[in-house]
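Peer 1:
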Amino acid sequence: MDTLPSPFSIEVNGKPIAKIGDGESTKTQAKVDSGSDAAVFELKNGRLGCGGWMLGRNLTEDRSMLPKKVLWFKMAEEQERTIQPVTAEKDGDSYVLMFGGKRLIEEDGDVLASLFDDELPIVIVKMK
Numbered sequence: 743m744d745t746l747p748s749p750f751s752i753e754v755n756g757k758p759i760a761k762i763g764d765g766e767s768t769k770t771q772a773k774v775d776s777g778s779d780a781a782v783f784e785l786k787n788g789r790l791g792c793g794g795w796m797l798g799r800n801l802t803e804d805r806s807m808l809p810k811k812v813l814w815f816k817m818a819e820e821q822e823r824t825i826q827p828v829t830a831e832k833d834g835d836s837y838v839l840m841f842g843g844k845r846l847i848e849e850d851g852d853v854l855a856s857l858f859d860d861e862l863p864i865v866i867v868k869m870k
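Under our numbering, think of the first position of the sequence shown as 743, with each following residue one higher.
(1) Over the uninterrupted beta strand (DSSP E) stretch that includes E947, give me the two end residues.
(2) Reducing DSSP to helix, strand and coil, say where Q826 ends up.
(3) Here's a check: name, in chain order, each residue in its chain whose Cβ is nearer than 7 Å to the Cβ of G788, leaving out the five neighbours to either side.
(4) Identify whether E803 lies in helix, strand or coil by the three-state DSSP scheme.
(5) For the beta strand (DSSP E) containing M796, list its first residue and its last residue.
(6) Determine the direct distance from the alpha carbon of I752 to that of F858, and round the result to whole angstroms.
(7) If you follow the beta strand (DSSP E) that M840 is in, where does it begin and where does it stop?
Laid out in structure tokens, this is it:
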């Protein structure tokens, strides 16, 4: 599904995805940080929004098999065309978010999308 009914936060390995500061650049690497404010998201029509920002993978990525960056993009019509859609799959009482068809992981505080499904971390979608 490409829309969820209510706002939510996302935790990767027990740490929330941190809200981005207003002064950040147009494309900024998403981070997890247990000491900062958690971002509160809404998923509508395949776009994962938080305030004036969208979270997702860039349409153009390197061709390596390494995990792909999950970035904050400033909300703008031209930016929407450069972001891969985010979808949600029901998993019991929760949801699994898919970023361009791949699940989230965290490495050294950076939020990434893994191209492989082995040893995936615990990702929790907390409905508000």
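Idealized CB from N, CA, C, for every residue including glycine.
What you are looking at is a predicted structure, and each value in this text was computed from that prediction instead of being measured.
Peer 2: The answer reads as follows:
(1) No information on residue 947 is available, as it lies outside the stretch 743 to 870 that the chain covers here.
(2) Of the three classes helix, strand and coil, the one that applies to Q826 here is coil, per DSSP.
(3) Once the five neighbours on either side are set aside, the close Cβ partners of G788 are D744, P827, V828 and T829.
(4) Three-state DSSP puts E803 in coil, outside helix and strand.
(5) Going by DSSP, M796 is part of the beta strand (DSSP E) stretching over W795 to G798.
(6) Near 20 Å, if we compare the C-alpha coordinates of I752 and F858.
(7) Where M840 is concerned, the enclosing beta strand (DSSP E) starts and stops at S836 to F841.
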